[in-house]
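Residue numbers (this note's numbering): 96 to 402. Yeah, the Cβ is synthetic: ideal placement off N, Cα and C, and Gly gets one too. Please read all numbers here as calculations on a predicted model, not as lab measurements.
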Amino acid sequence: MSPVYDRVALIGLGLIASSMFWAIKRAGLAGEVTGYARSEATRDTARRIGLCDRVCDSAAEAAEGADLVVLCVPVGAMGQVAAEIGPVLKPGATVSDVGSVKRAVIDAVGPHIPEEVHFIPAHPLAGTEHSGPQSGFAELYDNRWCLLVPTEGSDPQAVARLRALWEGMGANVEEMEADHHDLVLAVTSHVPHAIAYTMVGVADHLRRVTESEVIKYSAAGFRDFTRIAASDPTMWRDVFLNNREATLDILGRFTEELFMLQRAIRMGDETYLFDYFTRTRAIRRGIIEAGQDTDAPDFGRVKGKPT
Ligand code: NAP
Numbered sequence: 096m097s098p099v100y101d102r103v104a105l106i107g108l109g110l111i112a113s114s115m116f117w118a119i120k121r122a123g124l125a126g127e128v129t130g131y132a133r134s135e136a137t138r139d140t141a142r143r144i145g146l147c148d149r150v151c152d153s154a155a156e157a158a159e160g161a162d163l164v165v166l167c168v169p170v171g172a173m174g175q176v177a178a179e180i181g182p183v184l185k186p187g188a189t190v191s192d193v194g195s196v197k198r199a200v201i202d203a204v205g206p207h208i209p210e211e212v213h214f215i216p217a218h219p220l221a222g223t224e225h226s227g228p229q230s231g232f233a234e235l236y237d238n239r240w241c242l243l244v245p246t247e248g249s250d251p252q253a254v255a256r257l258r259a260l261w262e263g264m265g266a267n268v269e270e271m272e273a274d275h276h277d278l279v280l281a282v283t284s285h286v287p288h289a290i291a292y293t294m295v296g297v298a299d300h301l302r303r304v305t306e307s308e309v310i311k312y313s314a315a316g317f318r319d320f321t322r323i324a325a326s327d328p329t330m331w332r333d334v335f336l337n338n339r340e341a342t343l344d345i346l347g348r349f350t351e352e353l354f355m356l357q358r359a360i361r362m363g364d365e366t367y368l369f370d371y372f373t374r375t376r377a378i379r380r381g382i383i384e385a386g387q388d389t390d391a392p393d394f395g396r397v398k399g400k401p402t
């Protein structure tokens, strides 16, 4: 494949950026990839493992002269990083991001992007519970969705180029409006994480009552919650604080449904429970049919390989 961009800069070198780097290299999508992370320790690790063609000591140095700059830092840090790189951006370049929330990122980053630079937010719907520069792998985006969220007046050619990059990295690309994105993701990702965090918190309190039984007899249901609840605390703090409205809306609906389920259990309402679980089972089947998961036992998890 011929390069889509001459120079790509990745700001933040964690799971998402390192996976992008390996996927870009796998398909030869960029001439050179520069990178920057906040701590010296991460930059040293990146240099040691060959993550990025050139690791720079400031965000501005990495972004200077780049044709595409991708902000891969936690949502709460996007504005500050954009302010740092704004003055050195090359006219005609594109700035994108991978943040899990879109409206707050647009509001924080937009004001720092010069007139002659394209700003095209994005969000790859792929991840694991691991973080840091060593957690990435080239296949992370294969057959996963990447949502592009063009802002008002986004240049169609610049959008098409960014789409080509994500497709080259293996993703299926679609465009979505920012507020709609935040609502959809509240349902499919943010509230499920909130529920997992809560359930693991409940078990943690209970553990003090039952000693180690919660861990010792940990069954598949609980284990899956703990995997989700092991996700990066900074990232998830920022997701909830920056998608407050949609998360609270969906949590409210969740609480109502939970009360109805609670009532059905108390009243011994067999029909309600059976019908409810039949409907939810069909949703699982739909996800498998759409190729977004496998129906192998234990979610097809291979020992040692993140899913
Ligand atoms: P990560 O593995 O924790 O890496 C975050 C990186 O950002 C680290 O290199 C960190 O540097 C750097 N960083 C943090 N604050 C910074 C700042 N103020 N200035 C410069 N660099 C800073 O995170 P990730 O999982 O790759 O997530 C990155 C973004 O992708 C987030 O916005 C997240 O919402 C989004 N996202 C994540 C997933 C997922 O499942 N993980 C999926 C889709 C989208 P240090 O190492 O030096 O601290």
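Residue environment, residue i, which counts as buried when at least 16 other CB atoms sit within 10 Å
i: histidine 300; result: exposed
i: tyrosine 391; result: Just to set this straight, residue 391 is alanine in the shown sequence, not tyrosine. With fewer than 16 Cβ atoms within 10 Å of its Cβ, alanine 391 is classed as exposed.
i: proline 251; result: exposed
i: phenylalanine 354; result: exposed
i: valine 297; result: exposed
i: phenylalanine 335; result: buried
i: alanine 158; result: buried
i: lysine 197; result: buried
i: leucine 108; result: buried
i: serine 113; result: buried
i: arginine 348; result: exposed
i: aspartate 277; result: buried
i: threonine 137; result: buried
i: tyrosine 236; result: buried
i: tyrosine 312; result: exposed
i: isoleucine 382; result: exposed
i: threonine 402; result: The pLDDT assigned to threonine 402 is 37, lower than 50, so where the model puts this residue is not dependable; a value taken from the coordinates is nonetheless given after this. When all chains shown are included, threonine 402 counts as exposed.
i: aspartate 192; result: buried
i: phenylalanine 214; result: buried
Anticipated Cβ contact below 8 Å, residue i with residue j, distance rounded
i: alanine 289; j: phenylalanine 320; result: About 11 Å separates the two Cβ atoms, so there is no contact after all.
i: valine 128; j: phenylalanine 116; result: 6 Å
i: histidine 285; j: threonine 342; result: 5 Å
i: arginine 167; j: isoleucine 201; result: Checking the sequence, you will find cysteine at residue 167 rather than arginine. Actually they do not touch by this definition, with Cβ atoms about 16 Å apart.
i: alanine 253; j: threonine 189; result: 5 Å
Beta-bridge pairing of residue i - partner residues as DSSP gives them
i: leucine 343; result: Leucine 343 is not bridged to any residue.
i: tyrosine 236; result: Note: tyrosine 236 sits in no beta bridge, so no partner.
i: alanine 217; result: Leu243
i: alanine 104; result: Thr129, Val164
i: valine 150; result: Gly130
Subject >> Residue ranges of each alpha helix (DSSP H) within the stretch 183 to 214, 4 or longer >> reply: 198 to 204
Subject >> Uninterrupted beta strand (DSSP E) stretches inside the stretch 114 to 138 (no shorter than 3 residues) >> reply: 125 to 131
**OP:** Identify every run of the alpha helix (DSSP H) within the stretch 247 to 276, keeping only runs that are complete inside it and at least 4 residues long; order them along the chain.
**Re:** 251 to 263
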